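Below is one structure; the comments refer to it alone.
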Amino acid sequence: IMRESYASENDVGFKCINPDVGPIVIVGGAGKLGTLFSQLFRLSGYEVRILDKDDWPNADAILDGAGVVVVSVPIHHTNAVIAQLPTLPKECVLLDLTSIKQAPLAAMLSKHQGPVVGLHPMFGPDLSSLAKQVVVVCHGRDEARYQWLLEQIRIWGARLHEAPASEHDQAMQLVQAMRHFTAFVYGAHLRRERADLDQLLQFSSPIYRLELAMVGRLFAQDAKLYGDIIFSQPDTLARARHYMDRYQEALKMLEHGDKAGFEAQFNDIADWFGDFAKQFQSESGNMLLSANDNRSE
Ligand code: NAD
437 IMRESYASEN
447 DVGFKCINPD
457 VGPIVIVGGA
467 GKLGTLFSQL
477 FRLSGYEVRI
487 LDKDDWPNAD
497 AILDGAGVVV
507 VSVPIHHTNA
517 VIAQLPTLPK
527 ECVLLDLTSI
537 KQAPLAAMLS
547 KHQGPVVGLH
557 PMFGPDLSSL
567 AKQVVVVCHG
577 RDEARYQWLL
587 EQIRIWGARL
597 HEAPASEHDQ
607 AMQLVQAMRH
617 FTAFVYGAHL
627 RRERADLDQL
637 LQFSSPIYRL
647 ELAMVGRLFA
657 QDAKLYGDII
667 FSQPDTLARA
677 RHYMDRYQEA
687 LKMLEHGDKA
697 GFEAQFNDIA
707 DWFGDFAKQF
717 QSESGNMLLS
727 ANDNRSE
């Protein structure tokens, strides 16, 4: 019900928290996430201007009087694009939506003397509503001067999670880099085994159907974005090697028919998950029910 009430709000627009602010300029605004945010700002009554890659000759005019500059370009261009910005009005809020936070935040703080904040929407652009979606907020400078903007994002339905950029980037190693990397490897495995996806769907338990959906949806998206997420953090290689070590250890148990060892480790991990295991079981139970209701066939 929450979700529906937000979705229908989209048609009529959102309350505007700061009607007096200058134009919102979205650098990379012709892209996927930029388009979503330009719609949200427009639906809230703000003037939105786009500065995409061919617009730099007109950058001064586009940025003239800007109240907010949002950087939403591919990760590997982010630092260069921030450096390329002309001097912004002192009171302008400079923010970015990049999937990594430390480097862009540092680049913005050195570029601009005024308010700076790093945001990471923890969702893709294929959403009709931000209801209950998480946006990570990494404070940069002059927090009081962009509170209105955070309030605006809350009005769109999102939940804000504040964290230091270093903590965010570290969490993203598991939440994104490793998650996407292992999905990539599983996709590669299915491809190499010439798995019959149609047949797998026929044989799927609800949880395996969800697994296929989780892996398969990766390949409906942009190789460059996921390449950037996996390759842009120097830690990912070491993390992936640790993961390989765990896989090798498990493989050894299998090789030696060590079922008792498997069970002992299983129980040890279960203890470590503790109450979360039960919580995840009941949460996924609900997901599976609604996934089953929403199946396309
Ligand atoms: P995208 O490729 O759809 O859009 C990027 C836009 O930037 C394009 O319109 C491109 O023309 C433009 N651009 C490229 N170089 C430019 C330059 N030098 N100057 C101005 N514009 C330039 O990518 P996206 O998926 O919208 O991702 C944009 C940012 O959002 C990335 O930093 C990504 O990490 C972040 N992000 C994406 C998602 C997602 O699921 N797509 C989710 C969270 C965060």
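Count the sequence shown with the working numbering and you get residues 437 to 733, in order.
The beta carbon of each residue, even a glycine, is placed where N, CA and C say it ideally should be.
Computed from a prediction, not measured in an experiment: that's the story for all the values here.
My output table needs one value for Leu487: the three-state DSSP class, helix, strand or coil.
Note: Leu487 maps to strand in three-state DSSP.
For Leu585, which residues from the same chain have a beta carbon less than 8 Å from its beta carbon, with the 5 sequence-adjacent residues on both sides left out?
The residues are Ile453, Asn454, Val504, Val529, Leu531, Val553.
Anyone know if the C-beta pair for Ser535 and Ile666 falls short of 7 Å?
No, they are not a contact pair.
Can you check the region 556-586 for any beta strand (DSSP E) of at least 3 residues that lies completely inside it and give the ranges in chain order?
Listed in chain order, they are 570-577.
When the distance is taken between beta carbons, is Ala543 closer than 7 Å to Asn515?
For Asn515 and Ala543, yes; Cβs fall inside 7 Å.
Can you give the beta carbon distance from Gly501 to Gly470, rounded, assuming they're within the 8 Å contact cut?
Between Gly470 and Gly501 the Cβ distance is about 20 Å, and since that is not below 8 Å, they are no contact.
How many angstroms separate the CA atom of Ile705 from the CA atom of Lys695?
Distance between the alpha carbons of Ile705 and Lys695 is about 15 Å.
In chain order, what residues of the same chain have a beta carbon less than 7 Å from the beta carbon of Ala466, not counting five sequence neighbours either side?
Correct list, in chain order: Ile486, Asp488.
Can you list, in chain order, the stretches of the beta strand (DSSP E) that have 3 or more residues and sit fully within the region 460-515?
Qualifying beta strand (DSSP E) stretches, in chain order: 460-463, 484-487, 504-507.
What does the Cβ neighbour count give for Val611, buried or exposed, with the cut at 16 atoms within 10 Å?
Exposed is the call here.
Going by DSSP, which residues form a beta bridge with Leu553?
Residue identity check: residue 553 is Val in the sequence provided, not Leu. Note: Val553 sits in a beta bridge opposite Leu531, His575.
What residue from Pro540, Asp456, His556 has the CA that sits closest to Met608's CA?
Comparing Cα positions, the closest option is His556.
Considering only C-alpha positions, which residue in the set Pro522, Ile511, Gly593 is nearest to Pro493?
Measuring from the Cα of Pro493, the nearest candidate turns out to be Pro522.
For Leu566 and Trp592, what's the separation of their Cα atoms in angstroms?
Distance between the alpha carbons of Leu566 and Trp592 is about 6 Å.
Taking buried to mean at least 16 other C-beta atoms within 10 Å of its own C-beta, is Asp562 buried or exposed?
Exposed is the call here.
Got a sec: does ligand 1 put a non-hydrogen atom nearer than 6 Å to the Cβ of Val506?
No - ligand 1 has no heavy atom lying nearer than 6 Å to the Cβ of Val506.
Reducing DSSP to helix, strand and coil, say where His548 ends up.
Coil, per DSSP.
Can Leu524 and Ser508 be called in contact, C-beta distance under 7 Å?
Cβ distance not < 7 Å, so Leu524 and Ser508 don't count as in contact.
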